[in-house]
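Enquirer: Quick one: the structure is below, questions incoming.
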Amino acid sequence: MVQARTLEVLQTIGLAEPFLERGTIAAGAQIYVDGRAAGGFSFENVGHPDTPYPLVLVLPQSDVEAILIEHLGARGIDVERGVTATGLDQDAAGVTLRVTDGPGAEHALRSRYLIGADGAHCIVRKALGLAFAGAAYAQTFLLADCSLEGDLADGPLSIFFHREHFALWFPMKGERRGRVITTSRQAVTDPSIAGQGSSPATLAEVEASFRAAASRDLRLTDAVWLSRYRVHHRGVDRYGVGRAFVAGDAAHIHSPAGGQGMNTGLQDAFNLVWKLVASLRCEAPEALLASYDAERRPVGETVLAATDRAFSVVTSSSGWVAAARKVLLPVLGATIGRSGRLRSRAFHFLSELGIRYEPGAAVQDEAGSGPSCAGGPAPGRRAPDARISRTESVFDLLAGYRFHLVAFSRNPLSGAAIERLADELEAVAAASGHAMGAHLVAHSLVGRHPRAIQVENDTLLSTYGVTAAVPEALYLVRPDGHVAWRGPSLDLTGCRAFMAERFGGRAGP
Ligand SMILES: Cc1cc2nc3c(=O)[nH]c(=O)nc-3n(C[C@H](O)[C@H](O)[C@H](O)COP(=O)(O)OP(=O)(O)OC[C@H]3O[C@@H](n4cnc5c(N)ncnc54)[C@H](O)[C@@H]3O)c2cc1C
50 MVQARTLEVL QTIGLAEPFL ERGTIAAGAQ IYVDGRAAGG FSFENVGHPD TPYPLVLVLP
110 QSDVEAILIE HLGARGIDVE RGVTATGLDQ DAAGVTLRVT DGPGAEHALR SRYLIGADGA
170 HCIVRKALGL AFAGAAYAQT FLLADCSLEG DLADGPLSIF FHREHFALWF PMKGERRGRV
230 ITTSRQAVTD PSIAGQGSSP ATLAEVEASF RAAASRDLRL TDAVWLSRYR VHHRGVDRYG
290 VGRAFVAGDA AHIHSPAGGQ GMNTGLQDAF NLVWKLVASL RCEAPEALLA SYDAERRPVG
350 ETVLAATDRA FSVVTSSSGW VAAARKVLLP VLGATIGRSG RLRSRAFHFL SELGIRYEPG
410 AAVQDEAGSG PSCAGGPAPG RRAPDARISR TESVFDLLAG YRFHLVAFSR NPLSGAAIER
470 LADELEAVAA ASGHAMGAHL VAHSLVGRHP RAIQVENDTL LSTYGVTAAV PEALYLVRPD
530 GHVAWRGPSL DLTGCRAFMA ERFGGRAGP
């Protein structure tokens, strides 16, 4: 599953469209308990007008990888296969990674920084001596991409509970095609699947587990991919040491049930890479790279704890938990179906739109006790989308993996004021040393002006806390789409000083 926040991140680099074209939008979810429909909900109207993607996208991970590799290829970057990292050393100036590309052919790769995104068995994590505390789940997961026959509604994502059995059906493109994920307890004793990872499975096994969870006469045919996974729930104690970092499954692994692992990993990378760029190009202070651990470890820990708790409850074989589950799940399904607020909260968590970073090296709230644009996104939160006009939205402005300096004015500006402010914003962006867009979003006294984006929709201003009491505001948005700094006026002094102090570069002009 590809979550809304991941699609937003992909939009900034022009990749949301290919994802949407290849994937299937899940219209909603239907819950079944002991084979009977027990409530469901639609993903429409999840109460988030601030995202262009109020949806869950079903797309096989092989397609995700294919799109990303194609994108890299179009930029002249090839992914080298058959090269295995075996160990590393680091010193004050860089990291030396030892790799082999065949028996006895070990060589060294030298770089200023290293990201270990080498999955659950991560060699980088081991070489850095990071703890990876946790344990294995009792269940294994069986997977099939296949066709479905039998009595099941087309369209929604289906979630099945029966005793300790649990299964999911994700509809994908094609006549009754989809992916089954189901749990199986039987195979855990098999030593060949003791570690985290995959091993072969048969369609008969997947079907037997699926039918046990669904308690319905459902048949699976025409499988194109079958697998069994043993999954652990574990997290690292630090997201990096010195110049080497870990991201994705190298840093956190958990139950796949909530569709969070890949999404969380992609956002680790999005959080880290601009910090590395700022360190390399602008000599940003060391604290900026340290903020990767400070910001992303709590996110990983929350995802791990939440998925683990939910998964333990839905698969527990304890008598009273099973009895409570049988009564409570239909109630929960029906309540989520009825309550827009609950649906919105659940979506907010699962979509990862709600992730917020605490003030620290890469985030600071406005200082002082004067006027405040408190109704807008606080520093650390993601900058939300909002319509500026019929044809343009905030996310159109925030395109590209770069900083954005956005000035809002509710007060109508004269042509001269627009020219002066646009000059100032552009000068700050150009002199900062960082890749940065500068945007003036304002009411205008002179109609359309080429250097200002005219506000046609006041909801935009209130979304960003620009009100009659605070008619102007300045936001610095980080390349990963989170607000770094905001101020309740168009005075650029504080913002310039903040950027130079926290992200390096120049404090000019
Ligand atoms: C059954 C199942 C269903 C899932 N469904 C979802 C879902 O719907 N949504 C979601 O967000 N997540 C889902 N996940 C989780 C998701 O698959 C993982 O979180 C994601 O693949 C992690 O990506 P990664 O790049 O960190 O690691 P990996 O995908 O494991 O990639 C690591 C890469 O590093 C390479 N590598 C490993 N060791 C070395 C080495 N020593 N040298 C060089 N290269 C090396 C590997 O070959 C591999 O290419 C699911 C997981 C499972 C098991």
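Under this note's numbering, the residues of the sequence shown are numbered 50 to 558, in order. We treat Cβ as the ideally placed atom computed from N, Cα and C, and that holds for glycine. As the structure is a computational prediction, the values presented were derived from the model and not from experiment.
1. Write down every uninterrupted run of the beta strand (DSSP E) in the segment 142-199 whose length is 3 residues or greater and which is fully enclosed by it, in chain order.
2. Kindly list the residues whose CB is nearer than 8 angstroms to the CB of E155, restricted to its own chain and excluding five residues on each side of it in sequence; keep chain order.
3. What residue range is occupied by the uninterrupted beta strand (DSSP E) comprising P220?
4. Which residue from S160, V144, V132 and I172 puts its Cα closest to that of G153?
5. Run the CB neighbour count on W369, radius 10 Å, all protein chains shown included, and call it buried at 16 or more, exposed below.
6. Please return the same chain residues whose Cβ sits closer than 6 angstroms to the Cβ of R431, not counting the five positions on each side in sequence.
7. Pick out the complete beta strand (DSSP E) segments inside the segment 265-303, 3 residues or longer, and give them in chain order.
8. Is A566 helix, strand or coil when you go by DSSP?
9. Would you list the one or two residues that DSSP bridges to Q139?
10. To test your reading of the DSSP string, which unbroken beta strand (DSSP E) runs of 3 or more residues are found completely within the segment 53-134?
11. With a cut-off of 8 angstroms on the beta carbons, I'd call C195 and L315 a contact; round off their distance for me.
12. Go ahead and pull the three-state DSSP assignment for H488.
13. Can you tell me the Cα-Cα spacing of G199 and G72, whole angstroms?
14. When every heavy atom of ligand 1 is checked, does at least one fall within less than 8 angstroms of the C-beta of Q139?
15. CA-CA distance, L197 and D357?
16. Out of curiosity, what's the CA-to-CA distance linking E560 and R436?
17. Does the count of Cβ pairs from the segment 110-127 and the segment 254-264 closer than 8 angstroms reach three?
18. Does at least one heavy atom of ligand 1 sit under 8 angstroms from the Cβ of A193?
19. Evaluate D472 with the Cβ neighbour count: other Cβ atoms within 10 Å of its Cβ, from every protein chain shown; 16 or more gives buried, anything less gives exposed.
20. At a cut of 8 angstroms, does the segment 445-458 reach the segment 340-357 through at least three beta carbon pairs?
21. For the segment 328-348 against the segment 380-393, are there 3 or more C-beta pairs whose distance is under 8 angstroms?
22. Within 10 angstroms of the Cβ of A157, are there 16 or more other Cβ atoms? Answer buried if so, exposed if not.
23. Is the Cβ-Cβ distance between G165 and A299 less than 9 angstroms?
24. Check I242 in the structure and name its three-state DSSP category.
25. Does the pairing of the segment 284-295 with the segment 202-217 give three or more beta-carbon distances under 8 angstroms?
26. Kindly confirm or deny that the segment 76-83 and the segment 533-552 touch, where touching means at least three C-beta pairs closer than 8 angstroms.
27. Just list the residues that DSSP pairs Y524 with in beta bridges.
28. Based on the DSSP secondary-structure assignment, which residues constitute the bridge partners of V412?
29. Mind checking whether R277 and T189 have CB atoms under 9 angstroms apart?
30. So, with DSSP's three-state summary, where would you put V255?
31. Any heavy atom of ligand 1 closer than 8 angstroms to the beta-carbon of P305?
32. Among residues of its own chain, excluding the 5 on either side of Q52, which ones have a beta-carbon nearer than 6 angstroms to its beta-carbon?
33. Could you tell me the alpha carbon to alpha carbon distance between F181 and E224, rounded to whole angstroms?
Expert: Taking the coordinates as given:
1. Qualifying beta strand (DSSP E) stretches, in chain order: 144-149, 155-160, 163-165 and 181-199.
2. The count along the sequence shown starts at 1 and reaches residue 155 at position 106. Here the set comprises T135, R147, V148 and T149.
3. Within the sequence shown, numbered from 1, the residue matching residue 220 stands at position 171. It spans H214 to P220 - the beta strand (DSSP E) in which P220 sits, taken as one unbroken run.
4. Looking up residue 153 in the sequence shown gives position 104. Residue V132 is the option with its Cα nearest to G153.
5. If you number the sequence shown from 1, residue 369 lands on position 320. With fewer than 16 other Cβ atoms within 10 Å, it is exposed.
6. Position 382 of the sequence shown, counted from the start, is the residue given in the question as residue 431. So the qualifying residues of the chain are G530 and H531.
7. Runs found: 267-285 and 293-295.
8. Outside the displayed range of the chain (50 to 558) lies residue 566, so it cannot be described from this structure.
9. Residue mapping note: residue 139 aligns to position 90 of the sequence shown, counting from 1. Its beta-bridge partners are V144.
10. Counting whole runs of 3 or more residues, the segment 53-134 contains the beta strand (DSSP E) stretches 73-75, 77-82, 85-91 and 105-107.
11. Counted from its first residue, the sequence shown places residue 195 at position 146. Counted from its first residue, the sequence shown places residue 315 at position 266. Not really, about 27 angstroms apart at Cβ, beyond 8 angstroms.
12. Mapped onto the sequence shown, residue 488 falls at position 439. The answer is strand: DSSP assigns H488 an E or B state.
13. As a working mapping, residue 199 is identified with position 150 in the sequence shown. As a working mapping, residue 72 is identified with position 23 in the sequence shown. The alpha-carbon of G199 is positioned some 24 angstroms away from that of G72.
14. Counting from 1 along the sequence shown, the entry for residue 139 is found at position 90. No - ligand 1 has no heavy atom lying nearer than 8 angstroms to the Cβ of Q139.
15. As a working mapping, residue 197 is identified with position 148 in the sequence shown. As a working mapping, residue 357 is identified with position 308 in the sequence shown. Just so you know, the alpha carbons of L197 and D357 end up roughly 29 angstroms apart.
16. No information on residue 560 is available, as it lies outside the stretch 50 to 558 that the chain covers here.
17. Taking a cut-off of 8 angstroms for Cβ pairs, the segment 110-127 and the segment 254-264 do not touch, as fewer than three such pairs fall below it.
18. As a working mapping, residue 193 is identified with position 144 in the sequence shown. Every heavy atom of ligand 1 is 8 angstroms or more from the Cβ of A193, so no.
19. On the sequence shown, position 423 is the one that residue 472 refers to. Counting Cβ neighbours within 10 Å, D472 comes out exposed, since fewer than 16 surround it.
20. With the cut-off at 8 angstroms, the segment 445-458 and the segment 340-357 do not touch.
21. Contact between the segment 328-348 and the segment 380-393 is absent, because fewer than three Cβ pairs lie under 8 angstroms.
22. The sequence position of residue 157 within the sequence shown is 108, counting from 1. Exposed is the call here.
23. Locating residue 165 in the sequence shown gives position 116, where the first residue counts as 1. Locating residue 299 in the sequence shown gives position 250, where the first residue counts as 1. Yes, Cβ-Cβ distance for G165 and A299 is below 9 angstroms.
24. Your numbering for residue 242 matches position 193 in the sequence shown. With a pLDDT of only 46 at I242, under the threshold of 50, the placement of this residue in the model should not be trusted; the figure read from the coordinates follows. DSSP places I242 in the helix class (H, G or I) of the three-state scheme.
25. Not touching, per the Cβ criterion.
26. Short answer: they don't touch.
27. Here residue 524 refers to the residue found at position 475 when the sequence shown is read from its first residue. Per DSSP, V455 and R535.
28. As a working note, residue 412 is residue 363 in the sequence shown. Bridge partners of V412: G409.
29. Within the sequence shown, residue 277 is the residue found at index 228, counting from 1. Within the sequence shown, residue 189 is the residue found at index 140, counting from 1. With contacts defined by Cβ atoms closer than 9 angstroms, R277 and T189 form a contacting pair.
30. Your numbering for residue 255 matches position 206 in the sequence shown. Correct three-state label for V255: helix.
31. If you number the sequence shown from 1, residue 305 lands on position 256. Indeed, a heavy atom of ligand 1 lies less than 8 angstroms from the Cβ.
32. As a working note, residue 52 is residue 3 in the sequence shown. Cβ neighbours of Q52 beyond the five flanking positions: N312, S400 and E401.
33. To locate residue 181, count along the sequence shown from 1; it is residue 132. To locate residue 224, count along the sequence shown from 1; it is residue 175. Going by the C-alpha atoms only, they are around 42 angstroms apart.
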